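Asks:
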Amino acid sequence: MINVQYKQMLGAKSVIRELSEYATKRGAEIGYENVYDYSLGNPSVPCPDGYTKAIVELHKKNPMDIHGYSPSTTLPSVREAVADSLNKRFGMDYKMDHIFMTSGAAGALSHALRAVTKPGDKVLTFAPFFPEYNPYVSGCGDELVVVPANTKDFQINIDAFKELLTEDVMAVLINTPNNPSGVVYSKETIETLADILREAQDKYGHDIFLISDEPYREILFDGQTYTYPSKYYDNTLSCYSFSKSLSLPGERIGYVAVNPRATDADLLVPMMAQISRGTGHNCPASSVQLAVAEVLEETSDLSVYETNMNILYDELVKLGFEVVRPGGTFYIFPKALEEDAVAFCKKALKYDLILVPADSFGVPGYFRMAYCIDTNKVKRSLDALRKFVSEEYGIN
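My numbering numbers the first residue of the sequence shown as 18 and each following residue consecutively.
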């Protein structure tokens with residue numbers, strides 16, 4: 018008999034992926050350049066030349082240097098390079114033994130969750146949140162509890178967080194800069210979060226780990242700097258992906274960085290190696306690990322995302338949308354012009370605008386636009402957006 022759990026998941030596919038598939042199909046009919054596809058967060062700028070050169074040079078060498086099995090804890094030279102880079106950037110004191118390379122941020126989160134929770138535990142996260150947190154958490158046998166959104170500014174809803182932070186919560190999962198809102202948690206928010214977690218640990222007499230999902234931390238706007246959660250709370254596992262910073266989503270490469278002051282910090286990476294054995298993860302590709310180690314201080318040209326954000330934000334505000342200005346990422350999260358965001362986004366399809374309703378992000382009534390597309394296409398989409406709201410909602 019086939020697995021019922023995964024059979025049921027077939028009926029609950031990602032709305033983001035479904036809309037992306039629709040956009041591709043529609044593009045085949047009218048030309049993809051005429052479809053304003055704001056569905057999928059797929060980087061739209063090329064990876065740095067340094068990464069490409071590193072890959073080419075690696076493959077010119079003796080194949081055994083790059084094609085053999087890597088250690089179960091992943092490649093030592095890469096882990097050391099990541100630790101050194103993080104120490105330099107964020108004033109940390111990581112060692113190689115605190116870094117575990119993974120298949121993107123998804124792999125990082127899956128390992129982190131399994132390392133610090135057991136089946137039946139609760140994991141808190143904050144709306145709006147990336148919908149795939151549901152299968153990541155349930156796949157560990159845990160229960161995901163969602164703290165309602167603070168829709169004023171999409172910082173953490175502190176009062177609701179305190180109420181839901183019960184004794185059976187073993188981990189708190191945050192995402193800053195945030196997908197889908199684009200909001201960056203302030204230093205004050207991170208400090209308050211850390212204070213509350215420390216108080217809860219003392220109250221309940223057990224560790225509560227902070228799992229920090231950070232794939233967008235290089236994409237910041239308006240001259241902001243990133244508040245690194247591990248600097249403020251000892252029991253933090255920092256989960257990262259190079260998918261956005263280096264435009265490498267298809268290479269599936271990231272890592273978990275274990276705060277050296279976390280409980281059992283020296284055991285967590287070896288434990289993750291054992292988690293890999295049990296889940297069939299078995300390390301990301303050696304050549305990709307080695308190549309990213311050569312470009313840890315580089316990024317793609319990320320400036321286009323701020324350009325696109327400003328264009329869309331200004332137009333949305335002009336048209337009367339309620340929208341919190343993004344501080345980073347390549348997402349913007351306006352309130353729909355009617356209560357039912359699913360109906361709103363369906364109407365938008367008639368104008369070849371592909372928008373994602375936010376019900377699965379934990380904030381019904383809103384929608385997400387992933388503006389990691391060509392700037393000229395963003396500009397051209399404004400006419401379609403104006404026509405949509407004029408004809409459907411009488412807004413001019």
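All C-beta atoms in this analysis are idealised placements derived from N, C-alpha and C, irrespective of residue type, glycine included. Predicted model, so just to flag it, every value in this text is computed and none were measured.
Can you name the start and end residues of the beta strand (DSSP E) that Glu408 belongs to?
Replies: What you label residue 408 is simply residue 391 of the sequence shown in a count that begins at 1. Looking at the DSSP string, Glu408 is not in any beta strand (DSSP E); the run it does join, the alpha helix (DSSP H), is 392-410.
Asks: Out of curiosity, what's the CA-to-CA distance linking Pro148 and Phe378?
Replies: Here residue 148 corresponds to residue number 131 of the sequence shown, with the count starting at 1. Here residue 378 corresponds to residue number 361 of the sequence shown, with the count starting at 1. So the alpha carbons of these two residues sit roughly 5 Å apart.
Asks: My guess is that Gly121 and Gly345 are in contact by the Cβ rule of under 8 Å, so how many angstroms apart are they, rounded?
Replies: Counting from one through the sequence shown, the residue named residue 121 turns up at place 104. Counting from one through the sequence shown, the residue named residue 345 turns up at place 328. 19 Å between Cβ atoms; not a contact.
Asks: What three-state label does DSSP hand Val154 in the structure shown?
Replies: Working through the sequence shown from its first residue, we reach residue 154 at position 137. In the structure shown, Val154 sits in a helix (DSSP, three-state: H, G or I).
Asks: Whole angstroms are fine: how far does the CA of Leu336 sit from the CA of Arg43?
Replies: The residue given as residue 43 occupies position 26 in the sequence shown. The residue given as residue 336 occupies position 319 in the sequence shown. If you take the alpha carbons of Arg43 and Leu336, they lie about 26 Å apart.
Asks: Would you call the segment 165-178 in contact with the segment 190-202, where contact means no fewer than 3 C-beta pairs closer than 8 Å?
Replies: The segment 165-178 vs the segment 190-202: in contact.
Asks: Which stretch, first to last residue, makes up the alpha helix (DSSP H) that contains Tyr68?
Replies: For the purposes of this step, residue 68 is identified with residue 51 of the sequence shown, where counting begins at 1. Its alpha helix (DSSP H) spans residues 66-77.
Asks: Please report the straight-line C-alpha distance between Asn104 and Lys404, rounded to a whole angstrom.
Replies: The residue you call residue 104 lines up with position 87 of the sequence shown. The residue you call residue 404 lines up with position 387 of the sequence shown. Their backbone Cα atoms lie some 50 Å apart in a straight line.
Asks: Is the beta carbon of Ser264 sitting closer than 7 Å to the one on Ser317?
Replies: For this step, residue 264 is matched to residue 247 along the sequence shown. For this step, residue 317 is matched to residue 300 along the sequence shown. Contact flag set, yes.
Asks: Our contact map puts Leu402 next to Leu370 with C-beta atoms below 8 Å; I'd like the distance itself, whole angstroms only.
Replies: Taking the sequence shown and counting its residues from 1, one reaches residue 402 at position 385. Taking the sequence shown and counting its residues from 1, one reaches residue 370 at position 353. Confirmed, about 6 Å.
Asks: On the three-state DSSP scale, how would you describe Phe347?
Replies: Walking along the sequence shown from the start, residue 347 turns up at place 330. Three-state result, Phe347: coil.
Asks: Should Asn196 go down as buried or exposed, given a rule of 16 or more other Cβ atoms within 10 Å for buried?
Replies: Locating residue 196 in the sequence shown gives position 179, where the first residue counts as 1. Result: buried.
Asks: Which residue from Pro194, Val189, Thr209, Met386 puts its Cα closest to that of Tyr53?
Replies: Taking the sequence shown and counting its residues from 1, one reaches residue 53 at position 36. The shortest Cα separation from Tyr53 among Pro194, Val189, Thr209, Met386 belongs to Met386.
Asks: The alpha helix (DSSP H) with Val305 in it runs from where to where?
Replies: Taking the sequence shown and counting its residues from 1, one reaches residue 305 at position 288. Start and end: 303-310.
Asks: Between which two residues does the alpha helix (DSSP H) holding Met288 run?
Replies: Here residue 288 refers to the residue found at position 271 of the sequence shown. Element bounds for Met288: 282-296.
Asks: Return yes when the Cβ of Asp224 is within less than 7 Å of the Cβ of Thr142, no when it is not.
Replies: Here residue 142 is taken as the residue at index 125 of the sequence shown, counted from 1. Here residue 224 is taken as the residue at index 207 of the sequence shown, counted from 1. Their beta carbons are not under 7 Å apart, which means Thr142 does not touch Asp224 by this criterion.
Asks: Using a Cβ-Cβ cut-off of 6 Å (strictly less than) and excluding sequence neighbours within five positions of Ile437, which residues of its own chain qualify?
Replies: What is shown of the chain runs 18 to 413, which leaves residue 437 out entirely.
Asks: At which residues does the beta strand (DSSP E) containing Ile228 begin and terminate?
Replies: Residue 228 sits at position 211 when you count from the first residue of the sequence shown. Here the beta strand (DSSP E) through Ile228 covers 226-230.
Asks: May I have the straight-line CA-CA distance separating Leu161 from Tyr150, to the nearest angstrom?
Replies: Residue numbering aside, residue 161 sits at position 144 when the sequence shown is read from its first letter. Residue numbering aside, residue 150 sits at position 133 when the sequence shown is read from its first letter. So the alpha carbons of these two residues sit roughly 8 Å apart.
Asks: Which value, in whole angstroms, describes the spacing of the CA atoms of Ala360 and Thr253?
Replies: As a working note, residue 360 is residue 343 in the sequence shown. As a working note, residue 253 is residue 236 in the sequence shown. Looking at the two C-alpha atoms, the distance is approximately 40 Å.
Asks: Of all the options Lys169, Ala129, Ala144, Pro165, which has the alpha carbon lying nearest to the alpha carbon of Tyr153?
Replies: Your numbering for residue 153 matches position 136 in the sequence shown. Here the closest residue by C-alpha is Ala129.
Asks: Just to confirm, is the Cβ distance from Lys311 to Ala100 under 7 Å?
Replies: Working through the sequence shown from its first residue, we reach residue 311 at position 294. Working through the sequence shown from its first residue, we reach residue 100 at position 83. It is Glu, not Lys, that sits at residue 311 in the sequence shown. Cβ distance not < 7 Å, so Glu311 and Ala100 don't count as in contact.
Asks: Below 8 Å CB to CB, which residues in the same chain sit around Leu307 once its five sequence neighbours on both sides are set aside?
Replies: Start at 1 with the first residue of the sequence shown, and residue 307 comes out as number 290. So the qualifying residues of the chain are Ala71, Leu75, Ile83, Leu92, Ser94, Val95.
Asks: Would you call the CB atoms of Glu231 and Ser255 closer than 7 Å?
Replies: Within the sequence shown, numbered from 1, the residue matching residue 231 stands at position 214. Within the sequence shown, numbered from 1, the residue matching residue 255 stands at position 238. It is a contact, given that the beta carbons lie within the stated cut-off.
Asks: Around the C-beta of Gly297, are 16 or more other C-beta atoms found within 10 angstroms, so that it is buried, or is it exposed?
Replies: The residue labelled residue 297 in the question sits at position 280 within the sequence shown. The residue in question, Gly297, is exposed, as its Cβ has fewer than 16 Cβ neighbours within 10 Å.
Asks: Identify the continuous alpha helix (DSSP H) that holds Glu235 and give its terminal residues.
Replies: Here residue 235 is taken as the residue at index 218 of the sequence shown, counted from 1. Taken as a continuous stretch (DSSP letters only), Glu235 belongs to no alpha helix (DSSP H), as it is neither H nor E.
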